[in-house]
Every structure is written in C-alpha cells, then in structure tokens.
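A short write-up of the structure that comes next.
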Amino acid sequence: MTKARWHITRDGDTLTLSRLATARFDVSASTVLPDGARAAMAHQVRQDMWRALQGLRGFAPAVEVRRQEGGLHVTAGGQVEGRFAKGHVEAAIQEVLDNPACRARWVRYANRGRAVA
C-alpha cells in the first residue's frame, strides 16, 4: 500500500494543503487561530475534518492557512463530487473548527519545539 500524497502550495503568507493538485472549495468554513507552523496546523485540521466527513462520498479535503495580523486564518473544506447538503457539510466543518479540544491540540502541535517567551 502506498502512502497518501498531499499537495502543498505556498504563495507568500498562504499555504494550501489539498488532496488534489488544484484545491477547490465547494464547501468551507473558517476560523482564526494563534500563530504557529502553517503546514503542521493544516495537516492537523485536515485530519480532524476528514474524521468528521469521511462518510461524505466524493470528498477531497483542502485546508488553506494564511498568516495575517499575528494569527493564522484557517479555511477548511474541499471539493465534493456529486450531490450533497452544503449547509449540513459546512456546519460539520465549522463544528470541527470550533471544537475547543481540537483547537488546543492544533496550537500545541503547530508550536512544538518553539521557545516560549
């Protein structure tokens, strides 16, 4: 079995992690998190979003992390092939992004190895 490959695109202060070569956001939700390593944050958000939506047929996750104003603006979502209830899926993504336990774990992971001032 081969390891899943993820596409990472960097454009200035924006990093996009996607399953497909070109990220498309048919569904999305956003949040702001404290500053940290963008790639680490994107992988963690993607992982939890996938756990919540793995039953969504034709779903290709994508996460965009943009460093702005001392924080990370995170947009999570992705591409969905076929019919789906957009409002329901976006609410599920927002629920993941608003989960206090997930947020704390993402921030810890994205800041591991950094000196604390």
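For this note's numbering, count along the sequence shown from 1 and bump the result up by 420. Glycine residues also receive a C-beta, built at the ideal position from the N, C-alpha and C atoms. Please read these numbers as outputs of a predicted model, since none were measured by experiment.
Residue interval of the beta strand (DSSP E) (run including residue i)
i, result
"R466", "From DSSP, R466 is part of no beta strand (DSSP E) but of the alpha helix (DSSP H) over 458-473."
"T451", "447-454"
Secondary structure of residue i, DSSP reduced to three states
i, result
"G432", "coil"
"R487", "strand"
"A521", "helix"
"W426", "coil"
"A443", "coil"
"V527", "helix"
"G497", "strand"
"L476", "coil"
Bounding residues of the alpha helix (DSSP H) (the contiguous stretch that carries residue i)
i, result
"L517", "506-518"
Outcome for residue i when other beta-carbon atoms lying within 10 angstroms are tallied against a minimum of 16
i, result
"T436", "buried"
"L476", "buried"
"D468", "buried"
"E515", "exposed"
"L440", "exposed"
"G497", "buried"
"R456", "Here residue 456 is Gly; the residue named in the question, Arg, does not match the sequence. Label assigned to G456: buried."
"W526", "buried"
"P520", "exposed"
"V483", "buried"
"V485", "buried"
Could you check whether the segment 456-475 touches the segment 491-502, counting it as contact only if at least three pairs of C-beta atoms, one from each stretch, sit closer than 8 Å? yes
At least three beta-carbon pairs within less than 8 Å, the segment 423-434 to the segment 500-509: no
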